Amino acid sequence: MQPLLKEDPMPRFMIERNFAEQLEVTGASASAVKLINDEEGVEWLFSFLSADKKKTYCLYEAPNADAIRAAARRANLPADVIIEVSDLRPEMFN
Numbered sequence: 068m069q070p071l072l073k074e075d076p077m078p079r080f081m082i083e084r085n086f087a088e089q090l091e092v093t094g095a096s097a098s099a100v101k102l103i104n105d106e107e108g109v110e111w112l113f114s115f116l117s118a119d120k121k122k123t124y125c126l127y128e129a130p131n132a133d134a135i136r137a138a139a140r141r142a143n144l145p146a147d148v149i150i151e152v153s154d155l156r157p158e159m160f161n
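In my numbering, each number is its position in the sequence shown, counted from 1, plus 67.
Here's what the structure looks like:
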């Protein structure tokens, strides 16, 4: 029996999105974004929403930044800043 090969983890990206108006997310809009993301090979992990509801910081897994840009363009969402990131957690230093 061959040992299972560990796959390289999918790269993670932090996306900063700026909105002109307050962001209102509905179940239908989130489902539409998920469908587009699935087609582009990206996964929305979670987001932080600013207090004024005009900015989000979203964590995604994707093969590359271009896939995120393509999904954002198709979903009519801004993707003002896209930065590849890695984990850094307090428990890593205990």
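The beta carbon of each residue, even a glycine, is placed where N, CA and C say it ideally should be. Being a predicted model, the structure only gives us computed values, none of them experimental.
Between K120 and R84, the CB-CB gap reaches or exceeds 9 Å. With contacts defined by Cβ atoms closer than 9 Å, V92 and A138 do not form a contacting pair. Following the DSSP letters along the chain, one finds K101 in no beta strand (DSSP E) but inside the alpha helix (DSSP H) bounded by residues 94 to 107. Annotation for R79: the continuous beta strand (DSSP E) segment containing it runs 79 to 85.
K120 is not bridged by DSSP to any residue. Between the alpha carbons of V148 and W111 lies a distance of about 15 Å. Residue environment for A95: exposed (fewer than 16 other C-beta atoms within 10 angstroms of its C-beta). Within the same chain, E128, V152 come within 6 Å of R79 by CB-CB distance, once the 5 residues on both sides are set aside.
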